[in-house]
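The opening position of the sequence shown corresponds to residue 32 in the numbering used here, with each subsequent residue numbered one higher.
Beta carbons are placed, not taken as given, at the ideal position from N, Cα and C, and that holds for glycine.
Written out below as structure tokens is the structure these notes cover.
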Amino acid sequence: MIPSPASHQRLQALGIDVWVRRDRRAAASRLPEVEQADETPSRLGPETPRVRMASGDGDWLLVQDAPWDGRHETLLGDIQAAIGSARCRFGQWAHSDSAGVSVAELDSRGIRHLLVFGRAPDGTDGVGVILAPELPQLATSAEARRHLWRLLAAELDD
32 MIPSPASHQR
42 LQALGIDVWV
52 RRDRRAAASR
62 LPEVEQADET
72 PSRLGPETPR
82 VRMASGDGDW
92 LLVQDAPWDG
102 RHETLLGDIQ
112 AAIGSARCRF
122 GQWAHSDSAG
132 VSVAELDSRG
142 IRHLLVFGRA
152 PDGTDGVGVI
162 LAPELPQLAT
172 SAEARRHLWR
182 LLAAELDD
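Rendered as structure tokens:
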């Protein structure tokens, strides 16, 4: 079964190939649906950015696009220590309209600070986003770390 055009688009954006069974009758009925999905303009993500959050109750949400993989554990430990371990939660940008929590709803979830490693998606303006360099850059660049500590110092003073 071929997914809906929107599902087909999301799968393609994720780099997942959709296999179609070659059956003359089925191919004739499914072909227009696939063509329609290809002709639809692609979006880079949901209209209102969404975040998949790990459990916790901190008022700081540390977000990146890639899944947390443990490569920068020491660096993240230092960041957590500066902010306060109990205040930190982790998240990842969701690439679906149905996954995660909308950034507009973060305040109702107790999130006051959104620390983003790397680029934040469009639509995060006015949400209190603090843009930090990506974790690999922070791990290798002293200047990037100084920039991050200046950002954190300004936010932690309030």
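| Check | Outcome |
| --- | --- |
| A125 (DSSP reduced to helix, strand or coil) | strand |
| Per-residue burial, E64 [other beta carbons within 10 Å of its own, 16 or more giving buried] | A caution first: E64 carries a pLDDT of 46, below 50, which makes its placement in the model too unreliable to give a value. |
| Span of the alpha helix (DSSP H) around R177 | A173 to L187 |
| Local conformation of W118 per DSSP, three classes | At residue 118 the sequence reads Arg, which differs from the Trp that was named. Helix at R118. |
| A44 versus H126, S86 and D96, residue with shortest Cα-Cα distance | H126 |
| Coarse secondary structure for A163, derived from DSSP in three states | strand |
| Residue from D109, A113 and R120 whose Cα sits closest to the Cα of S86 | R120 |
| 7 Å CB neighbourhood of P98 in its chain, flanking five on each side removed | Q123 |
| Euclidean distance between Cα positions of E136 and D48 | 33 Å |
| Check whether V134 and T79 have beta carbons under 9 Å apart | yes |
| H144: first and last residue of the uninterrupted beta strand (DSSP E) it sits in | H144 to F148 |
| Classification of L102 by the beta-carbon crowding that lies within 10 angstroms, buried from 16 upward | Note on residue identity: the sequence assigns Arg, not Leu, to residue 102. Exposed. |
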